[in-house]
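Report on the following structure.
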Amino acid sequence: MGTFHVTESGKTLVTLIPGDGIGPEVVDSAVRIIEATGAPIEWEERHAGERVFLEGQASGVRQDTIDSIRKTRVVMKGPLGTPVGYGEKSANVTLRKLFETYGNIRPAREYPGVKTPYSGRGIDLVVVRENVEDLYAGIEYMLTPGVAQGLKLISRKGTEKIVRLAFELARAEGRESVVAMSKANIMKMTEGTLKSVFEQVAPEYDDIESWHVIVDNAAHQLVKLPEQYSVLVTTNMNGDILSDLSSALIGGLGFAPSANIGNEVFIAEAVHGSAPKYAGRDVINPTAMILSGVMMLRHLGLFDEASLVENAVITTLEEGKVMTRDVVGDERQGGTIGYTNEIIKNLGRKPTAWTVREYAPIKLPQLGDAPDFVKVTSRQVCGVDIFIESASDKISIGQSLERICEGRDLYLKMVDSRGTMLYPPNDVMTDTVDAWRARFMLRDDAGELSDAQLIDLLQAVAAEHMWAHVEKLQRFEGEDGFTKAQGED
Ligand code: NAP
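Those letters in the sequence shown? Residues 4 to 492, per the working numbering, in order.
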């Protein structure tokens with residue numbers, strides 16, 4: 004972790020982004036409480052989100068905000084909105100990616116006074132979500148006018164970082180288990196990477212119990228028996244969905260803090276968005292933002308101040324004198340400001356029946372910067388997939404591609420539509436669209452497909468069909484680096 008920026012007055016500088024909608028209110032609440040602890044922090048206010056998009060900045064993040072984060076390496080940020088008609092990419096995602104905050108840590112803990120169907124069961128779990136890869140890399144194409152494609156990119160290196168982060172977090176928080184959630188049974192290469200890396204890394208943490216759950220069952224288990232889980236680690240999209248589900252178990256987005264964590268930069272932010280309909284009405288629950296601030300304090304090594312705030316929040320909820328609308332159902336009992344004042348009043352007090360965990364610093368995984376993280380001793384290009392656009396039928400397409408192979412070193416292995424093999428002809432009952440994948444393999448299975456052969460084939464295909472996309476088929480260490488279509492042998 005890079006060193007923090009200490010000001011002349013000896014305080015740590017933190018970039019503060021108030022954000023949009025309810026952002027300024029929840030951020031103000033967290034700042035007031037943190038300042039009331041006497042934590043040695045100074046804020047550098049910077050902006051991102053709606054107002055920056057409206058200024059014409061396509062990324063939604065100002066350059067002086069980026070400069071500030073480069074300097075401070077610690078950010079406390081309110082939710083950012085994307086005005087309709089602006090912003091190809093969300094400013095949140097931009098911030099996470101710009102600073103390689105690869106881990107999104109989302110705790111979901113039962114709190115006193117917050118009635119839910121799960122009250123009394125002691126839910127206390129943390130979802131550790133990969134934050135920069137997967138479908139959220141946002142690499143999408145229209146393959147044909149009617150078929151969209153998105154790339155699900157999962158790296159071995161990114162996966163190892165998130166898996167190790169989950170185990171290190173478990174150790175730092177004294178937690179007993181880490182569970183991996185993946186869809187490795189269907190997406191054997193992408194989601195399968197999470198499962199295999201998890202199984203390789205887990206034995207190094209033999210003080211922590213670990214197992215793998217298929218993600219759909221994990222969703223079911225989370226609703227049925229959430230108290231069985233402590234730390235859950237998963238890929239980006241699974242984590243996005245299941246961490247929101249987890250926060251609903253403990254009282255909703257008002258109680259869902261998060262931290263985006265990387266080896267250089269830390270961004271504390273509530274899970275919720277800018278909830279514009281509540282902006283400026285002094286009704287919103289700032290707990291998620293306050294507890295995100297608590298995570299930031301621990302990251303800065305300010306463990307006493309963090310516990311002070313967490314104890315005051317839990318005491319306030321336990322007493323229930325001043326609660327926000329989302330907890331008690333109406334606005335009479337207290338607004339954002341009243342609730343914040345009550346927490347400040349309770350600084351120094353401890354809840355009677357609820358405890359705060361002991362925390363230690365998280366040892367962040369250091370895997371090095373080398374891009375070629377996985378090195379192989381053998382690789383072979385054994386074929387190619389060519390994606391074509393055609394409104395023709397499977398037999399005509401298959402026969403034309405087979406004709407193209409005549410006299411060449413490649414043969415047509417199969418043609419599929421959306422992953423289901425339809426040629427050589429079979430009795431599969433499936434609808435078809437205008438995007439097809441043709442798989443060509445070398446006749447000599449041990450041979451190597453040269454670029455010249457590939458380009459020659461592509462030119463021949465292009466003479467008869469519109470092609471959209473080409474994918475080399477490779478074997479690494481003798482193992483296929485590609486999956487088979489449904490029905491392909
Ligand atoms: P949202 O702002 O999270 O609000 C959805 C609902 O969640 C609210 O209507 C409210 O429910 C409840 N809620 C959210 N925050 C709460 C809090 N602090 N206390 C109590 N209840 C809370 O989601 P959205 O309406 O889908 O998104 C609005 C904007 O935020 C969009 O522009 C979106 O892109 C952006 N967004 C930003 C982030 C981020 O910056 N990290 C995250 C998500 C969304 P009730 O209506 O039931 O009261």
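Built from N, CA and C at the ideal position, the CB exists for glycine as well.
Any heavy atom of ligand 1 inside 6 Å of the beta-carbon of residue i?
i, result
"N95", "yes"
"I217", "no"
"G107", "According to the sequence shown, residue 107 is Asn rather than Gly. No, the Cβ of N107 stays beyond 6 Å of every heavy atom of ligand 1."
"T85", "yes"
"A251", "no"
"H275", "yes"
"P82", "yes"
"I287", "yes"
"L98", "no"
"A278", "yes"
"L256", "yes"
"D329", "yes"
Give the secondary structure of residue i by DSSP, where H, G and I count as helix, E and B as strand, and everything else as coil.
i, result
"K280", "helix"
"F7", "coil"
"Y139", "helix"
"K155", "coil"
"Q402", "helix"
"Y114", "coil"
"K80", "strand"
"T162", "helix"
"G386", "strand"
"F56", "helix"
"L457", "helix"
"A51", "strand"
"A471", "strand"
"E491", "coil"
"E176", "coil"
"T18", "strand"
"G106", "strand"
"M240", "helix"
"Y144", "strand"
"D307", "helix"
"K366", "coil"
"F258", "helix"
"V218", "helix"
"V204", "helix"
Within 10 angstroms of the Cβ of residue i, are there 16 or more other Cβ atoms? Answer buried if so, exposed if not.
i, result
"P86", "exposed"
"V379", "exposed"
"S71", "buried"
"F479", "exposed"
"E38", "exposed"
"D419", "buried"
"P120", "exposed"
"D109", "According to the sequence shown, residue 109 is Arg rather than Asp. Looking at its Cβ environment, which holds 16 or more other Cβ atoms inside 10 Å, R109 is buried."
"M469", "exposed"
"M417", "buried"
"E230", "exposed"
"H50", "buried"
"E48", "exposed"
"L413", "buried"
"G382", "For the sequence presented, residue 382 should be read as Arg rather than Gly. Counting Cβ neighbours within 10 Å, R382 comes out exposed, since fewer than 16 surround it."
"M79", "buried"
"E491", "exposed"
"T196", "buried"
What whole-angstrom Cβ distance do residue i and residue j have, given they're in contact under 8 Å?
i, j, result
"T104", "I293", "That pair is no contact at about 20 Å."
"G332", "V286", "Not confirmed; about 12 Å, so no contact."
"V17", "V96", "That belief does not hold up - the Cβ atoms of V17 and V96 are roughly 21 Å apart, past 8 Å."
"R442", "D388", "5 Å"
"R54", "F376", "So it is not a contact: roughly 39 Å between Cβ atoms."
"I407", "A463", "5 Å"
"E113", "R124", "7 Å"
"A291", "P260", "5 Å"
"V359", "N314", "6 Å"
"L235", "V182", "5 Å"
- Item | Sufficient close CB pairs (3 or more, under 8 Å) joining the segment 135-147 to the segment 236-254 | yes
- Quick one: any contact between the segment 171-179 and the segment 359-373, if contact means 3 or more CB pairs under 8 Å? yes
- At a cut of 8 Å, does the segment 93-110 reach the segment 255-275 through at least three beta carbon pairs? yes
- Determine, using beta-carbon pairs with one atom in the segment 246-253 and one in the segment 211-221, whether at least three such pairs fall under 8 Å. no
- Determine contact between the segment 299-313 and the segment 30-45, defined as no fewer than three beta-carbon pairs at a distance below 8 Å. Segments in contact, yes.
- Query: Are the segment 272-279 and the segment 21-31 in contact at 8 Å, needing three or more beta carbon pairs?
  - Reply: yes
- Is it true that the segment 392-411 meets the segment 480-491, where meeting means three or more beta-carbon pairs spaced less than 8 Å apart? no
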